[in-house]
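Notes to accompany the following structure.
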Amino acid sequence: MKRLLAALAAGAIFGAGLALSGMADPQRVRAFLDLFGAWDPTLAFVMGGALIPMAIAWAIQRRMANPILADAFDLPPTRGIDGPLAVGAVIFGIGWGISGLCPGPAIAGLALAPSQAIVAVAAMGAGMILHRLTSR
Amino acid sequence: MIAAFPHAMPVEGLLGGLLIGLSAAILLLGNGRIAGVSGLAARATGLGTGSAPRGMAAAFIIGLPLGAAVMALLLGGVEIRYPASIWPIALGGLLVGYGTRLGSGCTSGHGVCGMSRLSLRSITATLLFMASGIATVALMRAGGLL
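Order-wise, the sequence lines are chains A and B.
The numbering of the first sequence is this note's numbering, which starts it at 38 and goes up by one.
The numbering of the second sequence is this note's numbering, which starts it at 1369 and goes up by one.
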């Protein structure tokens, strides 16, 4: 129960951060990628702001045997760089540029611009299904 | 800075970014997990085979619109400008969904959690999706699509 509440609180704080920072606005995100237009550097401040608490969290994590609410840390292995990582990141970037959307802002957008965000979330779900169908 | 970039919101961006980093820190130090939205969304819907407990993933994903709604109420509204046509949303979303699964992450997992961990894999992914996003928008601008 505590783990569920912590996850819900973390999700809500994340969503609040997206709304406050302007990152829930696809046009603002695309303006960061628009180096040859009216460039908007806001996303760089968001990324900088997010990296500070997380860098501290990683320093604390290294001194902890276990997380506060769970039995063990379950973290992705720091594997090498491979083809799927590179191709996937490039495809994601193309979709990000076309729409100005990535998964967090699209899902948070369900509360802010539901009629448009539902299309984005459904399309992302379709892309995930397509990957699942073609990867086995 | 402000004069050069009249639309920039450096203060709101920094504060919102701190909240995003705090959220990821809570999930890491509390539950021992990476706050990667694409992975948790796939896990919550059964489209991914990650190890995260499904309920925990769903709780995080449900929190996203709740927190955004509360912040919008506090601020008296948040500016949300989607593309005018449905096609960029649908095509962009499809590529985002596919790409984040193939590439094992998005702006939150690779960009925030992985880069702060100094993961070479995540730094590479972030540089690649930033570069391809910038190239895509540049091509759209050149083609008169913006």
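For each residue, glycine too, the CB sits at the ideal point set by N, CA and C.
All figures in this text were calculated on a predicted structure; none of them were measured in a lab.
- By the 16-neighbour rule on beta-carbons within 10 angstroms, residue 117 of chain A is exposed.
- Interface annotation for the region 1465-1486 of chain B against chain A: 1465, 1466, 1467, 1468, 1469, 1470, 1471, 1472, 1473, 1474, 1475, 1476, 1477, 1478, 1479, 1480, 1481, 1482, 1483, 1484, 1485, 1486, criterion Cβ-Cβ distance under 9 Å.
- Beyond the five residues adjoining it in sequence on each side, residue 56 of chain A comes within less than 8 Å, by CB distance, of 145, 149 in the same chain, given in chain order.
- Around the beta carbon of residue 121 of chain A, a 10 Å sphere encloses fewer than 16 other beta carbons of the protein chains shown; the residue is thus reported as exposed.
- Think of a sphere of 8 Å around the beta carbon of residue 1449 of chain B: the chain A residues whose beta carbon falls inside it are 62, 63, 64, 65, in chain order.
- A direct Cα-Cα distance of roughly 14 Å separates residue 1425 of chain B from residue 112 of chain A.
- A buried status is given to residue 1389 of chain B, since no fewer than 16 other beta-carbon atoms sit within 10 Å of its beta-carbon.
- Fully contained in the region 49-82 of chain A are the following alpha helix (DSSP H) runs of length 4 or more, in chain order: 63-70.
- Among the residues of chain A, those whose CB is under 8 Å from the CB of residue 1392 of chain B are 47, 51, 87, 90, 91, 94, following chain order.
- Remark: C-beta atoms of residue 1384 of chain B and residue 54 of chain A approach each other more closely than 7 Å.
- For residue 105 of chain A, the secondary structure class from DSSP, reduced to helix, strand or coil, is coil.
- By the Cβ neighbour-count rule, residue 77 of chain A is buried, with 16 or more other Cβ atoms within 10 Å of its own.
- Within the same chain, and ignoring the five residues on either side of residue 1451 of chain B in sequence, the residues whose Cβ sits closer than 7 Å to its Cβ are 1457.
- For the C-beta of residue 1422 of chain B, not a single chain A residue is nearer than 9 Å; the gap to the nearest is close to 11 Å.
- Chain B places a beta carbon closer than 7 Å to that of residue 121 of chain A, counting this residue as a contact.
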